[in-house]
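Peer 1: One structure, pasted below without further comment.
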């Protein structure tokens with residue numbers, strides 16, 4: 001029960017979001033609202049992840065300067081993991097207050113000012129312990145050192161000289177060291193001095209009666225007499241008596257000069273009622289921070305005037321009344337509150353899909369089964385946990401185990417550095433992708449794992465992924481060799497759209513290496529790469545053969561070819577059964593066929609007519625053209641009826657051979673029955689000059 005009892009002055013965790021880390025606050029007040037709920041007035045602390053990167057660099061520079069000023073040797077043997085976790089323990093104090101519901105408290109913590117004499121690693125050994133050394137202003141976006149400082153040294157303290165022995169005179173000139181304001185062994189008695197002070201008070205009361213401004217502020221005689229009896233009048237009377245060598249007649253004549261009696265005022269009389277009210281309001285907000293009081297409330301007053309008024313204000317009845325009111329208010333306020341342990345489920349918990357456990361890709365029948373697609377913990381790379389929590393942007397599908405999730409909530413980071421963790425200098429996380437327009441698009445996107453482009457045209461909805469280069473490291477190559485039974489490359493190759501859990505393979509590899517199974521590892525050799533100069537010299541000595549230039553596409557007035565080329569191009573821009581988005585600008589030169597039965601007609605490029613329309617049964621059909629506005633960035637292929645008909649001319653063996661050797665040309669070796677009238681194929685082995693990398697030209 002004591003752990004759930006929170007008092008004023010405690011450092012606590014507050015939860016304002018189910019997915020974000022806890023807020024760290026210090027309880028200043030506990031107030032009960034009209035609805036019966038308890039609110040806590042707290043002081044805000046900020047983490048490194050909450051401030052800008054430029055201020056982080058300033059804080060690191062300040063910490064480096066402190067380490068250089070230390071007389072003791074600095075601890076430089078910290079590992080990267082310890083340095084990473086130590087950044088999570090650093091906080092920044094602020095002067096900002098806010099009110100939060102007490103029901104959002106999730107536990108206690110400890111925050112202390114950075115102790116220069118204590119080892120930094122000691123903060124890592126203590127649970128829920130943080131430190132701070134700088135003050136952050138969220139409104140001005142500034143970072144300053146804390147004002148609390150012990151001023152020790154010759155810059156702040158005087159050197160006390162040694163005591164003189166008895167009988168030895170002090171040779172120093174006392175008039176240069178100090179100024180005498182009163183001589184205790186003066187010829188006047190105490191009675192005479194008191195009588196002179198009474199006369200000085202009477203002169204001050206008479207002077208206030210003659211002053212118009214004083215009569216307005218102090219309309220009664222008692223108030224004027226009380227103001228004349230303040231210390232400023234007595235100090236002036238005693239100073240006047242000392243300056244005139246304690247001669248009463250001479251001092252009295254100075255109190256009442258020719259122009260009228262002397263009027264002495266202090267800060268209590270100089271300040272107006274509105275200024276006094278503003279000072280009390282500022283004192284309630286900032287406390288005894290006179291610099292902030294002068295800057296925000298009383299900029300026309302000097303700092304000396306504000307401090308002098310404060311100590312005079314403490315002697316008034318106004319201060320005594322406010323002190324009594326604050327004491328009574330503090331008695332009525334809550335001093336502690338009991339918050340039960342929060343045990344509601346977190347929305348970020350990952351539940352089992354349909355009550356079944358998912359399997360790691362490539363895992364055998366006896367492998368461990370986990371929920372959530374088999375992904376390892378993003379922080380510690382473990383595969384087993386009592387509960388999993390989703391972490392990070394939704395499109396990354398990262399998750400954390402129970403211990404790493406609690407570390408994330410308390411310390412605002414991961415135990416181990418991770419690429420998925422948002423760095424301090426990075427930008428905001430990527431937004432959630434837009435929903436597809438239809439269910440069909442959703443199924444297509446999930447099946448092929450391709451981002452959608454909803455540009456309005458069904459032909460350009462599918463967009464190719466950006467190309468990438470997979471450069472395997474030495475650790476990856478060794479893991480492939482040692483964990484063949486876990487990866488099962490052939491099985492994974494048959495399912496290319498199911499991701500392989502690299503974290504599980506890495507964990508299995510580290511486990512096997514620790515067990516001594518990695519004694520017989522294959523030796524990897526570094527690749528011997530040639531220099532750029534040697535490559536250029538090699539290419540200059542062996543010039544490439546120039547390919548013959550193909551002729552231009554025949555125009556409408558040119559006699560069209562009267563045969564179907566048997567050599568079908570199979571390359572990046574003329575793949576069989578597919579048509580590149582950009583139109584080809586090369587064609588087969590005009591050749592006459594020796595086969596009878598061929599008739600003339602408009603030329604077909606890639607199985608399509610080059611004219612603006614085709615005539616079918618006397619009806620003119622317009623040519624289909626893709627929309628240039630909806631064109632994708634790379635390319636897409638449009639299959640026509642003629643292309644499908646030509647594709648059927650290839651056997652299954654020829655298709656497989658073409659897939660294995662995509663850069664070679666495709667040659668039709670058999671004639672399919674039922675060809676359209678007037679469509680004649682060339683011989684199986686045509687002349688090499690006919691094998692051109694150009695479009696398919698078909699004549700009716």
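Numbering (the UniProt record's numbering), first residue to last: 1 to 700.
Backbone N, C-alpha and C fix where the C-beta goes; we use that ideal spot for every residue, glycine too.
This structure is a prediction, so every number in the text was calculated from the model and none was measured.
List the residues that DSSP assigns as beta-bridge partners of residue 165.
Peer 2: In the DSSP output, where bridge partners are listed per residue, residue 165 has none listed.
Peer 1: Measure the C-alpha to C-alpha separation of residue 366 and residue 409 and round it to an integer number of angstroms.
Peer 2: In this prediction, residue 366 scores a pLDDT of 41, lower than 50, which makes its location untrustworthy; the coordinate-derived value is nonetheless stated afterwards. Inter-residue distance for residue 366 and residue 409 is about 35 Å (C-alpha atoms, whole angstroms).
Peer 1: State yes or no: is the C-beta of residue 274 nearer than 7 Å to some heavy atom of the ligand SAH?
Peer 2: In terms of ligand content, the structure shown is empty, and the ligand SAH therefore cannot be addressed.
Peer 1: If you follow the alpha helix (DSSP H) that residue 532 is in, where does it begin and where does it stop?
Peer 2: For residue 532, the enclosing alpha helix (DSSP H) begins and ends at 532-541.
Peer 1: Hey, how far is the Cα of residue 329 from the Cα of residue 38?
Peer 2: 16 Å
Peer 1: Give the secondary structure of residue 416 by DSSP, where H, G and I count as helix, E and B as strand, and everything else as coil.
Peer 2: coil
Peer 1: Could you spell out the range, first to last residue, of the beta strand (DSSP E) harbouring residue 336?
Peer 2: 336-338
Peer 1: Which same chain residues, not among the five before or five after residue 248, have their C-beta less than 8 Å away from its C-beta?
Peer 2: 188, 192, 196, 241
Peer 1: Note down the Cα distance separating residue 515 from residue 479, rounded to an integer number of angstroms.
Peer 2: 14 Å
Peer 1: For residue 27, which residues of its own chain have a beta-carbon under 6 Å away from its beta-carbon, when the five flanking residues on both sides are left out?
Peer 2: If the five residues before and after residue 27 are omitted, its C-beta is found closer than 6 Å to the C-beta atoms of 8, 10, 40, 42, all from its own chain and listed in chain order.
Peer 1: Where residue 648 and residue 638 are concerned, what is the direct C-alpha to C-alpha distance, given to the nearest angstrom?
Peer 2: In this structure, the CA atom of residue 648 is about 17 Å from the CA atom of residue 638.
Peer 1: Would you check if the stretch 52-59 and the stretch 130-144 touch, i.e. whether three or more CB-CB distances between them fall below 8 Å?
Peer 2: Yes, the stretch 130-144 is in contact with the stretch 52-59.
Peer 1: One question on the structure: do residue 102 and residue 30 come within less than 8 Å of each other, judged by their Cβ atoms?
Peer 2: yes
Peer 1: Is residue 98 helix, strand or coil when you go by DSSP?
Peer 2: strand
Peer 1: Do you know whose CA, among 295, 658, 304, 396, lies nearest residue 499's CA?
Peer 2: 396
Peer 1: Apply the 10 Å Cβ neighbour rule to residue 406 and answer buried if 16 or more other Cβ atoms are within range, or exposed otherwise.
Peer 2: Around the beta-carbon of residue 406, fewer than 16 other beta-carbon atoms lie within 10 Å, marking it exposed.
Peer 1: Give the DSSP-derived three-state secondary structure of residue 502 in the structure shown.
Peer 2: helix
Peer 1: Looking at the secondary structure, which residues open and close the alpha helix (DSSP H) in which residue 276 lies?
Peer 2: 273-286
Peer 1: Under 8 Å Cβ to Cβ from residue 312, same chain only, skipping five residues before and after it: list those, please.
Peer 2: 266, 267, 268
Peer 1: Using three-state DSSP, classify residue 91 as helix, strand or coil.
Peer 2: strand
Peer 1: Measure the Cβ-Cβ separation of residue 32 and residue 334 and say whether it is below 8 Å.
Peer 2: yes
Peer 1: Below 8 Å on the Cβ atoms is my guess for residue 300 versus residue 238; work out the distance and round it to an integer in Å.
Peer 2: No, residue 300 and residue 238 are not in contact; Cβ-Cβ is about 32 Å, not under 8 Å.
Peer 1: Please look up how many angstroms separate the CB atoms of residue 59 and residue 134, rounded, as I've assumed it's under 8 Å.
Peer 2: The Cβ separation is near 6 Å, so the contact holds.
Peer 1: According to the neighbour-count rule (16 or more other Cβ atoms, all chains shown, within 10 Å of its Cβ), is residue 178 buried or exposed?
Peer 2: Burial state of residue 178 is exposed, judged by a 10 Å Cβ sphere holding fewer than 16 other Cβ atoms.
Peer 1: Using three-state DSSP, classify residue 210 as helix, strand or coil.
Peer 2: helix
Peer 1: First and last residue of the beta strand (DSSP E) that includes residue 137?
Peer 2: That run of the beta strand (DSSP E) goes 129-137.
Peer 1: Flag this pair as touching only if the stretch 221-236 and the stretch 277-286 have three or more C-beta atom pairs under 8 Å; answer yes or no.
Peer 2: At 8 Å Cβ cutoff, the stretches do not touch.
Peer 1: Could you pull out every residue in the same chain whose Cβ sits closer than 8 Å to the Cβ of residue 380, ignoring the five residues on either side in sequence?
Peer 2: 401, 403, 404, 415, 416
Peer 1: To which residues of the same chain is residue 336 closer than 6 Å at the C-beta, ignoring the five residues directly before and after it?
Peer 2: Excluding positions up to five away in sequence, the list reads 5, 7.
Peer 1: With a 10 Å radius around its C-beta and 16 neighbouring C-beta atoms as the bar for buried, classify residue 752 as buried or exposed.
Peer 2: With the chain represented from 1 up to 700, any question about residue 752 goes unanswered, as that position is not in the structure.
Peer 1: Check each candidate in 77, 152, 315, 100 and name the one with the smallest Cα separation from residue 121.
Peer 2: 77
Peer 1: Pop quiz: residue 113 and residue 136 are said to be a contact at Cβ under 8 Å. What is the actual Cβ separation, rounded to whole angstroms?
Peer 2: Not really, about 14 Å apart at Cβ, beyond 8 Å.
Peer 1: Assuming residue 250 is part of the alpha helix (DSSP H), what are its boundary residues?
Peer 2: 248-255
Peer 1: Tell me which residue opens and which closes the alpha helix (DSSP H) that residue 408 is part of.
Peer 2: It spans 402-411 - the alpha helix (DSSP H) in which residue 408 sits, taken as one unbroken run.
Peer 1: Alpha carbon to alpha carbon, how far is residue 393 from residue 271?
Peer 2: 59 Å
Peer 1: Counting only the same chain and skipping the five closest in sequence on each side, list residues whose C-beta sits under 8 Å from that of residue 274.
Peer 2: none
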